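The opening position of the sequence shown corresponds to residue 1 in full-length UniProt numbering, with each subsequent residue numbered one higher. We put the CB at the ideal spot given by N, CA and C, even for glycine. Just so you know, these numbers come straight off a predicted model, no measurement behind them.
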Amino acid sequence: MKTIFITGASSGIGKATAKFFHSKGWQVIATMRSPEKEQELSQLDNVTLLPLDVTDLTRIQTCVNEATKRAKIDVVFNNAGHGLYGPLETYSDEQITGLINTNLIAVIRITQAFIPYFREQGSGLFIATSSMGGMTAFPFSAMYHAAKWGLEGFSESMYFELSKFNIGIKTILPGGVKTDYVGRSMAYGAKKIDAYQPILDKVEKVMGNLMLPENLTPPEIIAATVFEAATDGKDQIRYVAGEDGKQLYATRLSMGSEAFRQHFNEVFFGHNL
């Protein structure tokens with residue numbers, strides 16, 4: 001029986017992935033800040049819940065040690081993360097560092113913690129939840145994109161050193177996902193600056209249409225893509241997930257990055273700004 005270690009497994013993509021791998025006969029080590037509150041995964045056989053705050057280095061090391069004692073880990077799925085929306089001027093320093101710590105540094109630290117284990121084992125695979133925001137950029141999400149573009153560069157560079165030890169590394173790039181991300185996992189600038197309001201209104205109008213439920217991908221579809229990445233044996237780093245993500249990626253590739261940026265400026269702001 002193979003085993004996957006998952007961060008951020010209390011909701012959304014992480015929880016859907018835990019359930020999907022369990023349904024495929026895998027053992028799952030599902031980590032989250034407060035496992036004692038989890039009522040669904042705790043009822044499943046071969047699912048182990050462990051406490052983990054991904055921003056705490058000591059707890060990362062403790063959790064990795066505990067997980068590797070309990071099972072032979074085959075896949076590590078770095079999934080924990082959150083968003084931050086608004087003009088850069090409105091972010092507090094705590095918001096900036098908090099997002100980078102959760103969305104990027106935590107992935108780096110967990111990867112670093114598992115590398116010796118995978119290297120001695122002679123095999124292993126890292127998968128991380130990235131985003132189409134790791135290949136494109138939307139207005140007023142600068143720190144989120146900084147983390148996701150950083151994750152993509154980190155993963156591609158790590159491929160070269162990990163592959164020499166039969167260790168894989170892959171990223172999952174969803175578009176919009178039908179979860180509680182905007183409510184539970186999205187933060188907003190700590191202060192309001194009136195000068196930005198007219199352009200914020202324009203962006204929010206466009207994003208409101210993009211984020212309608214019918215335009216979003218169920219997390220179970222993303223979980224299936226994670227399973228594909230974990231089991232297909234391909235020498236492939238990026239897996240675009242969801243129809244909206246695939247369309248967006250295809251458009252960017254066909255237009256080129258500069259033309260795509262200009263296109264997005266028109267989509268969000270029209271000809272008047």
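Linking L57 to Q112 through their CA atoms gives a straight-line distance of about 11 Å. Residues of the same chain with a CB within less than 6 Å of the CB of K246, apart from the 5 flanking positions on each side, are V240 in chain order. DSSP places P174 in the strand class (E or B) of the three-state scheme.
V75 has I4, L125 as its beta-bridge partners, per DSSP. Across the structure, P35 and F260 are spaced so that their CA atoms are roughly 42 Å apart. Taking every protein chain shown into account, the CB of A230 has 16 or more other CB atoms within 10 angstroms, so this residue is buried. Here Y85 is bridged, per DSSP, to Y188.
Selection E214, A67, H263, G83 evaluated against M143 yields G83 as nearest (Cα-Cα). M135 is the residue among I221, M135, A80, S141 whose C-alpha sits nearest the C-alpha of G153. A buried status is given to A9, since no fewer than 16 other beta-carbon atoms sit within 10 Å of its beta-carbon. In the three-state DSSP reduction, L49 falls in the strand class (E or B).
In the three-state reduction of the DSSP assignment, R33 falls in the coil class. For T136, the three-state secondary structure derived from DSSP is coil. Looking from the CA of T17, the closest CA among T179, D244, M255, V267 belongs to T179. T31 and G189 have their alpha carbons spaced roughly 28 Å apart.
Under the DSSP definition of a beta bridge, V240 partners with L173. Taking a contact as a CB-CB distance under 8 Å, the pair G86 and T102 does not count as one, their CB atoms being some 17 Å apart.
Judged by their CB atoms, I167 and G124 are nearer to each other than the 9 Å cut-off. Here DSSP, grouped into helix, strand and coil, assigns G168 to strand. N79 places its beta carbon 9 Å or farther from that of I29. In the three-state scheme derived from DSSP, where H, G and I count as helix and E and B as strand, V28 is classed as strand. Apart from the 5 residues on each side of it in sequence, T225 sits with its Cβ closer than 7 Å to the Cβ of I172, Y239, A241 in its chain, given in chain order. Distance between K69 and F5, taken at the CA atoms: about 12 Å.
Judged by DSSP in its simplified three-state form, T62 adopts helix.
Between V54 and T7, the C-beta spacing is below 9 Å.
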